[in-house]
Amino acid sequence: MRWPALDVAARQARLTNTCRVIAGPIDDAIAAEAAAAARAAAGLSRRDASVWSRDPGVQQTIANRLGWLDSPALMAESIDRLRAFADGVRRDFSHVVLLGMGGSSLAPEVLRAILGTSPGYPRFQMLDSTDPAAVLAAATPVDRTLYILASKSGGTIEPNSLAAHFRRLLEDARVRRWADHFLAITDAGTELAERARVDRFRDTFVNPSDIGGRYSALSFFGLVPAALMGQDVAALVGWGLAMLASTEPGPGDAADTTATDTMSRPAVALGLAIGAAALAGRDKLTLVVPPALEPFGLWVEQLVAESTGKSGVGVVPVMGETRGGANAYGADRLFVTVRLADAPHTADIREFQTAHAPVVAIDLPEPYALGAEFVRWEIATAVAAALLGINPFDEPNVRQAKDATRVLLDQYRMKGQLPASTPDRIGSDGVVLTLSRAARGDEGHQNPERLLTQLQPGDYLAILAYLGPGTDLADVLRAFRGAARDKTRAATTMGYGPRYLHSTGQLHKGGPNTGVFILITASPANDVAIPGEAFSFGTLEHAQALGDFASLDTAGRRALHVHLPAPDAHLLRNALQGLLAF
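First residue of the sequence shown: 1417, per the working numbering; consecutive thereafter.
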């Protein structure tokens, strides 16, 4: 075995029996799909793109997106480089700020929140928002800060705008060589790779271009930040290799594989459960984790939603929802509980069985087994997508909101303002409510406060907040989310813009038309200019929100835009309480 120091065989043994499926109402669906799941997993191991499509052109595209299966091995060969780079950074910097979006930033945030930063390493924080308050909250001593500009395409507007802002701060602080404070992580041949070379960034880590952003956790996008936090990158890689090894098919014909055989493979079992549940009408994948693991849900959410939500089908990941009684849930749930191995699942399993729902119980042998968990969910998502007849490696609807935003910003450059639609109601407190055409209905009019009455069994409620990092606003959103779930029994999701545009945004427009959306914006208390642009961060954020609302409208989604005259918790609470008064 290569890399004996990574203890892959020992770790693989510890992954045995770490995924238990208590199928309950989907037992028949599990049995019916077991052989198909085994074939999908075997095809994945062979890099056989026909698992997901019969179209030769699509197959070629898929073949160019399977590099994540080789990435742990590439990272195993890069451990010494990662460690040496981190040692140099810790000598020169006290802070690291990651500028990214979607898959380029969520895995590092999970690693930071769960594994933390080792003593003696720079303080690490992530910035994946264009909200002016979030930009201002990311202030650090610029002369002691390294900025990671992470972008697969190299042309994403959010991290590039943030990079321009922090470059200006470095220049204003008269830092002699601003580029020494920048590190690029990107694909080969991108505009960012060239800019980093020309401007002479401190370093550039070039990721293989056949790794999609949401599958990039165990690549340079995830492991460069991990090394800068002083984490044990060898352990993360070793666990990832162990999960890959546990998925390799054994001898025999996959077509004859039984459900019991498939369930013995920890990643394939999860994929079978997710796909079979969705085919049985239980497409609300509800992740239940202890507080210490809660950030992991953000990464799972973007992986599952962006991979499966297309062609009018998909799995709706539900993360961070408050617990409710058995009567709070509809018949569309699959619950997945994730615990460290020494924390029992028993109470959770009994609770969800009382709700007559299937349950998957996953054990993490240790915190660094996050490396295995990333791979488990990547494989499971690919397997589930095969059962659903979906290509999990494209994102055909993500471009819609980006294009709509670009049109709006072009209009702003010409006219100095963003276009405004006709509102359905303006409150005495200045709160503006605007419905999409689908939410207005065939008669062309509807009371905005009655939006939640449009939720039907099997629907879900999505709260999309373009708001800053204030805990008071977050508390209001959390309380409303729980109250809405309890009143309607609908599954609820919540995402912050523009981050969700690069993840669940694909599901919102490309998945089943079962979502009801509440999109929230607020005029910023303090705006921040973007160097070199005619628009500010506040304008960019608002254009992104308007662009997504327009995309939801075009896709025939039921949506409500709530605009606040200020990011004020009292205004937000009153507006949302009005939606519950039906």
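Even glycine gets a Cβ: it sits at the ideal position worked out from N, Cα and C.
Might you give, ordered along the chain, the residues of its own chain that have their beta carbon closer than 6 Å to the beta carbon of residue i, omitting 5 neighbours on each side?
i     : result
Q2008 : Residue numbering for the chain in the displayed model covers 1417 to 1998; residue 2008 lies beyond these limits and cannot be assessed.
T1724 : G1730, V1731, A1801 and I1806
T1407 : As shown, the chain starts at 1417 and ends at 1998. That puts residue 1407 outside it, with no answer to give.
L1923 : A1721, G1725 and G1730
G1832 : none
T1770 : A1742
M1735 : L1703, G1713 and E1717
S1577 : I1946
L1460 : A1798
Are residue i and residue j closer than 8 Å when you measure CB to CB?
i     : j     : result
H1597 : I1946 : no
P1873 : G1746 : yes
G1913 : Y1876 : no
L2014 : L1976 : Outside the displayed range of the chain (1417 to 1998) lies residue 2014, so it cannot be described from this structure.
M1790 : A1633 : In the sequence as presented, Met is not what sits at residue 1790; that position holds Phe. Cβ atoms of F1790 and A1633: closer than 8 Å.
F1509 : L1562 : yes
G1787 : A1549 : no
L1701 : G1713 : no
L1431 : P1682 : yes
L1880 : F1933 : yes
I1478 : P1774 : no
I1778 : T1738 : no
V2000 : A1439 : Summary: the structure shown does not reach residue 2000, with the chain confined to residues 1417 through 1998, and so no result is reported for it.
T1955 : L1756 : no
A1938 : A1991 : no
Q1960 : T1821 : yes
G1740 : D1559 : no
E1911 : V1814 : Checking the sequence, you will find Gly at residue 1911 rather than Glu. Contact flag unset, no.
V1526 : W1655 : no
L1490 : P1665 : no
Please go through the same chain and pick out, in chain order, the residues whose beta-carbon is closer than 8 Å to the beta-carbon of residue i, but skip the five residues on each side of it.
i     : result
E1449 : L1688, G1691, A1692, L1695 and L1803
D1969 : S1852, R1853, A1854 and A1975
N1942 : P1548, A1549 and L1552
What's the call for residue i, buried or exposed, on a 16-neighbour Cβ count within 10 Å?
i     : result
I1936 : buried
H1979 : buried
I1842 : exposed
G1473 : exposed
E1859 : exposed
F1998 : exposed
T1546 : buried
D1964 : buried
V1848 : buried
P1733 : buried
D1758 : exposed
T1887 : exposed
A1555 : exposed
Q1476 : exposed
G1857 : exposed
H1761 : buried
E1717 : buried
E1493 : exposed
D1669 : With a pLDDT of only 44 at D1669, under the threshold of 50, the placement of this residue in the model should not be trusted; the figure read from the coordinates follows. Burial call: exposed.
S1844 : exposed
H1958 : buried
M1542 : buried
H1772 : exposed
H1861 : exposed
H1918 : buried
R1630 : buried
D2054 : No information on residue 2054 is available, as it lies outside the stretch 1417 to 1998 that the chain covers here.
Skipping 5 residues on each side, what residues in its chain have a beta carbon closer than 7 Å to that of residue i?
i     : result
G1948 : A1580
P1928 : G1728, V1729 and G1730
A1671 : Note that A1671 has pLDDT 48, beneath the 50 cutoff, so the model's placement of it is unreliable and the number below is only indicative. Same-chain partners within the cutoff: A1451 and R1455.
L1498 : L1639, V1640, A1643 and V1649
D1626 : N1480, R1481, L1482 and G1483
R1792 : M1659, P1682, A1683 and L1686
A1796 : A1683, L1686, G1687 and I1690
T1930 : G1874, D1875 and Y1876
E1811 : E1722 and Q1922
- request: Decide if the region 1560 to 1574 is in contact with the region 1513 to 1522; the criterion is three or more beta carbon pairs, one per stretch, under 8 Å apart.
  value: yes
- request: Assess, as a yes-or-no matter, whether the region 1883 to 1897 is touched by the region 1700 to 1708 under the definition of 3 or more beta carbon pairs within less than 8 Å.
  value: no
task: Just list the beta strand (DSSP E) runs in the region 1596 to 1679, keeping only unbroken ones of 3 residues or longer that don't cross its boundaries, in chain order.
output: 1598 to 1603 and 1619 to 1623
query: Which full runs of the beta strand (DSSP E) of 3+ residues lie inside the region 1672 to 1749, going along the chain?
result: 1700 to 1704 and 1732 to 1734
query: Do the region 1530 to 1537 and the region 1638 to 1649 touch if we need at least three Cβ pairs shorter than 8 Å?
result: yes
- request: Examine the Cβ distances between the region 1616 to 1623 and the region 1598 to 1608 and report whether three or more of them are shorter than 8 Å.
  value: yes
query: Enumerated in chain order, which unbroken segments of the beta strand (DSSP E) with a length of 3 residues or greater are wholly contained in the region 1748 to 1777?
result: 1749 to 1756
message: Runs of 4 residues minimum, wholly inside the region 1570 to 1598: which ones carry the alpha helix (DSSP H) assignment?
response: 1573 to 1588
message: Extract the residue ranges of the beta strand (DSSP E) inside the region 1856 to 1912, only unbroken runs of 3 or more that lie entirely within it.
response: 1876 to 1881 and 1907 to 1912
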